[in-house]
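Read through the structure below, which is laid out as structure tokens, and then see the notes.
Chains as they are written, first to last, in this note's numbering: chain W, 2 to 300; chain U, 2 to 300.
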């Protein structure tokens with residue numbers, strides 16, 4: 002597979018195992034796309050599917066997902082802790098390898114137009130695909146949730162990018178957009194003092210003056226007797242793992258605290274780890290092209 | 002491709018571009034194997050092919066290679082700086098992903114038996130496949146080279162593992178065996194003093210008391226005004242890149258010298274770089290299974 006795009010749609014069903022299985026099976030049967038992971042949360046009543054493919058494969062996977070989900074998920078009966086606005090709530094498209102952000106933006110427009118037309122679900126383009134600055138942030142789009150959208154869509158500012166001018170009666174609306182890969186990265190500290198993790202989180206995150214593409218907060222790990230700096234890296238190419246790790250190490254040392262370990266949650270692009278190896282081994286060029294397995298993917 | 006085996010046969014032709022191209026084309030046309038690289042050295046009069054595939058693919062690739070090379074390379078007329086004993090001189094089989102060393106040993110026996118029978122070329126199993134301790138080392142097997150083998154093979158100790166009891170008239174003999182992936186890794190030092198690189202090389206290499214799976218020597222980089230510790234890592238899982246790098250750093254510092262950079266020459270398995278990232282980021286578990294591109298290779 003020469004061009005690899007990742008797509009991690011979130012659907013508003015996380016409790017009914019049979020219904021989830023039917024939707025998952027529909028996606029799995031779509032041609033040219035590979036389903037790598039499904040993770041469901043009953044309290045959130047929400048599932049996240051991770052699929053990869055080239056542009057054609059992702060198009061087929063999302064089409065299969067909508068056919069299966071729109072007929073099975075009824076938002077008028079949906080309850081869950083996580084805010085939601087659609088049966089398929091959000092469709093993020095992520096360039097991984099051999100595909101550019103621009104290509105993913107173009108793909109999001111194609112997919113958005115097809116969803117609006119074929120399923121009668123209004124589509125908002127978000128993040129890199131947003132048609133207006135106020136639509137970049139998914140939380141802004143989702144404000145009001147499913148129940149509030151009939152009213153929200155009457156405002157000219159919330160005319161959808163594709164599809165009808167009113168929400169689908171049971172499937173609501175959906176956000177589709179291209180974004181950089183996101184890495185969930187946690188660093189565990191050898192102290193029980195949550196204040197230390199909080200201070201470090203504030204130091205490294207963008208809103209506190211830290212790295213531009215880092216969100217972070219302190220978390221207590223009671224069972225381990227430790228605390229954690231829980232990090233969302235929204236662009237690991239520009240704010241890389243090793244730089245954030247070294248900053249956390251320096252800040253922790255200032256408090257007399259050591260880093261006990263760290264963990265990547267979920268999946269990561271290989272490049273994020275290669276960049277760490279490149280940094281610490283002082284490699285004179287990025288090693289990605291010299292990796293046997295990466296060469297295998299090139300065909 | 003679920004099981005990935007690498008095979009890097011060395012052939013005794015490195016000067017005649019047309020002959021090399023014909024041999025390469027034969028391998029490229031074999032089913033189920035992918036040719037990643039060809040590198041030829043005219044002075045050595047030798048070429049190294051890098052191919053990957055599952056067991057069936059590698060079998061097909063080696064068969065195609067022998068058909069093309071035995072009919073085109075005549076050792077009675079071969080001259081080159083590199084010692085050699087066969088038209089196809091050595092066939093190393095390397096487990097990369099989803100394949101074990103034992104499977105590669107079994108594959109080397111299968112391939113060896115087929116070569117002996119079909120091409121009438123005597124086969125010596127070496128490294129992990131060796132049938133006797135004295136045959137592990139390729140240099141020991143190759144001693145005497147093509148011209149000396151008719152005599153050498155009369156000694157009972159040098160009866161081949163497969164094939165006839167005398168060398169092939171023009172194609173000589175071949176060594177086939179499984180071995181761990183080899184990484185060529187160089188570390189560049191900010192000094193012109195070759196003695197520093199030599200001392201560090203002696204400190205880190207196995208014969209000098211250093212790491213068990215490390216060979217190293219000092220090399221002058223005149224055009225850069227630097228010296229280099231040139232390293233062959235014969236088992237990166239047991240003597241990993243980051244440990245060797247840190248040892249070189251410490252030894253260099255003792256001489257007041259800094260590491261300017263490092264470089265991997267040729268290809269490397271992804272794991273070698275993931276292990277470095279795991280070490281320096283203090284990851285609590287090996288990250289390989291969380292890498293998107295690696296998951297793509299699993300199918």
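Quick reminder that beta carbons are idealized off the backbone N, C-alpha and C, glycines included.
Item                                                                                                                                      : Value
Straight-line Cα distance separating residue 79 (chain W) from residue 175 (chain W)                                                      : 15 Å
Identity of the residues DSSP links to residue 229 (chain W) by a beta bridge                                                             : W:189, W:220
Contact residues within the region 230-262 of chain W, judged by C-beta distance below 8 Å to chain U                                     : 242, 243, 246, 260, 261, 262
Residues of its chain near residue 278 (chain U), where Cβ-Cβ distance is below 8 Å and the 5 sequence neighbours each way are ignored    : 284, 288
Reference residue 230 (chain U), options U:239, U:260, U:19, closest by Cα                                                                : U:260
Short CB-CB distance (under 8 Å) between residue 93 (chain W) and chain U                                                                 : no
Boundaries (first-last residue) of the beta strand (DSSP E) holding residue 98 (chain U)                                                  : 89-98
Paired residues, beta bridge with residue 266 (chain W) - DSSP                                                                            : W:185
Any C-beta of chain W under 8 Å from that of residue 285 (chain U)                                                                        : yes
Span of the beta strand (DSSP E) around residue 59 (chain U)                                                                              : Counting along the chain, residue 59 (chain U) falls outside any beta strand (DSSP E), though it belongs to the alpha helix (DSSP H) covering 56-71.
Residue 110 (chain W), enclosing alpha helix (DSSP H) - first and last residue                                                            : 102-120
Nearest-angstrom Cα separation, counted from residue 126 (chain W) out to residue 159 (chain W)                                           : 11 Å
Environment of residue 60 (chain U) [buried if 16+ CB atoms lie within 10 Å]                                                              : buried
6 Å CB neighbourhood of residue 106 (chain W) in its chain, flanking five on each side removed                                            : 129, 130, 179
Exposed unless 16 or more other CB atoms sit within 10 angstroms - verdict on residue 112 (chain U)                                       : buried
Residue 297 (chain W) and residue 25 (chain U) closer than 8 Å at C-beta                                                                  : no
Proximal residues, the region 155-171 of chain W versus chain U, C-beta separation under 9 Å                                              : none
Inter-residue Cα distance where the pair is residue 199 (chain U) and residue 226 (chain U)                                               : 16 Å
Residue 192 (chain U): contacting residues in chain W (beta-carbon distance under 9 Å)                                                    : Going along chain W, no residue has its Cβ under 9 Å from residue 192 (chain U), so there is no contact; the nearest lies around 15 Å.
Contact set between residue 227 (chain U) and chain W, taken where Cβ atoms lie within less than 8 Å                                      : Ordered by position in chain W, no residue passes the 8 Å Cβ test against residue 227 (chain U), which lies about 11 Å from the chain.
Within 9 Å of chain U by C-beta, residues of the region 49-68 of chain W in sequence order                                                : 51, 53
Short CB-CB distance (under 8 Å) between residue 214 (chain U) and chain W                                                                : no
8 Å Cβ cutoff, residue 77 (chain W) in contact with chain U                                                                               : no
Cut-off 8 Å between Cβ atoms - residues of its own chain near residue 205 (chain U), not counting five sequence neighbours on either side : 211, 212, 215, 217, 230, 232, 245, 248, 249, 252
Listed by chain order, chain W residues near residue 275 (chain U) by CB distance under 7 Å                                               : 274
Coarse secondary structure for residue 76 (chain U), derived from DSSP in three states                                                    : helix
Residue 21 (chain U) - partner residues in DSSP beta bridges                                                                              : None; residue 21 (chain U) has no bridge partner.
Residues bridged to residue 246 (chain U) [DSSP beta-bridge criterion]                                                                    : Partner(s): none; residue 246 (chain U) has no beta bridge.
Host beta strand (DSSP E) of residue 176 (chain U) (start-end)                                                                            : 175-179
Rounded C-alpha distance that separates residue 57 (chain U) from residue 33 (chain U)                                                    : 7 Å
Buried versus exposed, by CB contacts within 10 Å (16 or more), residue 182 (chain U)                                                     : buried
Cβ neighbour criterion (16 or more within 10 Å) applied to residue 49 (chain W)                                                           : buried
Pick from U:228, U:115, U:269 that is closest to residue 258 (chain U), judged by C-alpha positions                                       : U:228
Sheet register partners of residue 40 (chain W) (DSSP bridge)                                                                             : W:49
Residue range of the unbroken beta strand (DSSP E) whose run includes residue 284 (chain W)                                               : That residue, residue 284 (chain W), is in no beta strand (DSSP E); it is neither H nor E in DSSP.
Rounded straight-line distance, which links the Cα of residue 82 (chain U) to that of residue 6 (chain W)                                 : 48 Å
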